[in-house]
Each structure stands twice: as structure tokens, then as C-alpha cells.
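Student: Heads up: the sequence shown at position 187 corresponds to 187 in full-length UniProt numbering, and the numbers run straight through without jumps.
The C-beta atom is built at its ideal place from N, Cα and C for all residues, glycine as well.
Here it is, the structure, as C-alpha cells.
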Amino acid sequence: MSRHHRVASGTRIFGTPGGGLEGAPDWAANAEVAEQGRRGELATGAILDEIASRKPGPTVIHDVMLHARANIDHILISGTHVWLIDAKVYAPGNLWTLGGQTRRGRSQFPYPDKETMERAIASVEKTLRSSPAENWLVLALLTIWPSRGTVRALHFRPRGCDYVIARRAITRKLGRIAHAPAEETVEQAVLRRFLDQQVAENAHRQAAAPANSTSSITSMFGGDQ
Numbered sequence: 001m002s003r004h005h006r007v008a009s010g011t012r013i014f015g016t017p018g019g020g021l022e023g024a025p026d027w028a029a030n031a032e033v034a035e036q037g038r039r040g041e042l043a044t045g046a047i048l049d050e051i052a053s054r055k056p057g058p059t060v061i062h063d064v065m066l067h068a069r070a071n072i073d074h075i076l077i078s079g080t081h082v083w084l085i086d087a088k089v090y091a092p093g094n095l096w097t098l099g100g101q102t103r104r105g106r107s108q109f110p111y112p113d114k115e116t117m118e119r120a121i122a123s124v125e126k127t128l129r130s131s132p133a134e135n136w137l138v139l140a141l142l143t144i145w146p147s148r149g150t151v152r153a154l155h156f157r158p159r160g161c162d163y164v165i166a167r168r169a170i171t172r173k174l175g176r177i178a179h180a181p182a183e184e185t186v187e188q189a190v191l192r193r194f195l196d197q198q199v200a201e202n203a204h205r206q207a208a209a210p211a212n213s214t215s216s217i218t219s220m221f222g223g224d225q
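Below, the structure written as C-alpha cells:
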């Protein structure tokens, strides 16, 4: 018999999408930039919440602080796979990467070249290595919402992660990777490390209602591409 155990049935959603972007964080140029980023987090979060509300569904954690000055927008735990998901809103243009440097059109676009996702993966892997969890895999995904128009990618290679662009593709990708309820030891290791201890200890009783309907939130970005 397998040593892996699925978590108990019930919705497994923790945290609030976009919580770390309320107001204007230090990194944001202004409140408008922060709000645009928050819209992307809300849109990705709404899709994840809808998937997690299905039974049996995966575990979803929003707005997770990895350390003092770094957070990940969403964590999705499906089976023994842990997905670290970053949500971005990009202006229209053609994204491409050459020699580890990304451009949008002819202009430098350094944000996808940062080590953010690699460091996030390393942080979660360290947690899982020191836990009873087995056969786990940590992966990363960048969800890109066009602020308007169309974002295209040709030879685009964001550092440390896969990527998906626009509502239809994001919904399809998240639906594919969220294929099973979280494996219990993997879920507990992540919750105990990255959530408040009291919340983690009572995780089997925690159940958050899904947020507003997915269509009402993702419609902020207009038509698909």
C-alpha cells in the first residue's frame, strides 16, 4: 500500500490573493502600478480558487512570504507536486530572450531574468527536504495577463519557470496541473513552514470560501488572445 495519504475532503484555500499589494509596496513605482499587479494576482487567484473548490480539489495558498522581503503570489499543491505561481500584468509587445537577457520588442525587459523563482524553489525544496514528505517535486509558473491588447512570446525564457499567457491558456494550464488533492505530508510541510503555526496545526479544520466568480474577476482583462 502506498505510504502517501490524501488530505481530508473539503475546500483547501488559505490566504488572500493580492494581499501583499494593497496600497503601494516599496518596489512599486506608484499606486497605479501596484493596483495593476494586484489585478493580475486576483485574476490568477480566482481561477485557482475555483479549481480548489471542486471536490476532490488541490490545496491553494495565496500571498506567501518566503522571507522578509520576498513572497510568492500563489502556491498550488496537487498530489506531491508543489507549484509556485507568480502572476504578472504586462503591457502588449513581443517578449524574447537571448543569452539570458529578455527584451520586449527592442527594449530591455529585465524582470523575467531575475532569480526570484529560482530562490523561491530553493526555499520550498529546503523545507520539504527536512520533512517526512517523499517523492515531491517543486515547479514554478509565470502567469501573464496582458494589460490590454496582446502579449506575444517568441523564444521567451523566463528564469527558473515555465510561463503561460492570457486567460484561456492560463485557465487550461492550471486545470491540467491541478490534477489531484494534495498529498498530506507535502501539504503539512508547506503549511507549517509558510503559514502561521496555529493555522497550520488546525489545517484539517480550515476551509475558506472561494472568492468572487472567476468570470467577474478575469473579465477585467477583456478578451482573450
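Express the C-alpha separation of residue 167 and residue 227 in angstroms, rounding to a whole number.
Tutor: This structure does not reach residue 227, given that the chain is present from 1 up to 225, and the question cannot be answered.
Student: Count the other C-beta atoms from every protein chain shown that fall within 10 angstroms of the C-beta of residue 135, then say buried if there are 16 or more, exposed otherwise.
Tutor: Within the sequence shown, residue 135 is the residue found at index 135, counting from 1. Looking at its Cβ environment, which holds fewer than 16 other Cβ atoms inside 10 Å, residue 135 is exposed.
Student: Of all the options 36, 103 and 67, which has the alpha carbon lying nearest to the alpha carbon of residue 195?
Tutor: By 1-based counting over the sequence shown, the position of residue 195 is 195. Checked all of 36, 103 and 67; the closest Cα to residue 195 is 67.
Student: Below 7 Å between beta carbons: does that hold for residue 47 and residue 150?
Tutor: Here residue 47 corresponds to residue number 47 of the sequence shown, with the count starting at 1. Here residue 150 corresponds to residue number 150 of the sequence shown, with the count starting at 1. The answer is no: Cβ separation not under 7 Å.
Student: In the structure shown, what three-state DSSP assignment does residue 146 receive?
Tutor: Here residue 146 refers to the residue found at position 146 of the sequence shown. DSSP places residue 146 in strand when its eight states are reduced to three.
Student: Tell me whether residue 88 sits in a helix, a strand or coil according to DSSP, three-state version.
Tutor: The count along the sequence shown starts at 1 and reaches residue 88 at position 88. Residue 88 falls in the strand class under three-state DSSP.
Student: Closer than 8 Å is the cut-off here; do at least three beta carbon pairs connect the region 110-128 with the region 49-59?
Tutor: Result no; under three Cβ-Cβ pairs closer than 8 Å.
Student: DSSP puts residue 74 in a beta bridge; with which residues?
Tutor: Working through the sequence shown from its first residue, we reach residue 74 at position 74. Paired residue(s): 62 and 85.
Student: Any contact between the region 87-101 and the region 114-124? By contact I mean 3 or more CB pairs, one from each, below 8 Å.
Tutor: The answer is no - the region 114-124 does not touch the region 87-101, with fewer than three Cβ pairs under 8 Å.
Student: Give the DSSP-derived three-state secondary structure of residue 45 in the structure shown.
Tutor: Counted from its first residue, the sequence shown places residue 45 at position 45. Correct three-state label for residue 45: helix.
Student: Taking 7 Å as the threshold (C-beta atoms), are residue 120 and residue 142 in contact?
Tutor: In the sequence shown, counting from the first residue as 1, residue 142 sits at position 142. In the sequence shown, counting from the first residue as 1, residue 120 sits at position 120. Not a contact, by the Cβ cut-off of 7 Å.
Student: Going by the DSSP bridge assignment, what does residue 96 pair with across the sheet?
Tutor: The residue labelled residue 96 in the question sits at position 96 within the sequence shown. DSSP output for residue 96 lists 103 as bridge partner(s).
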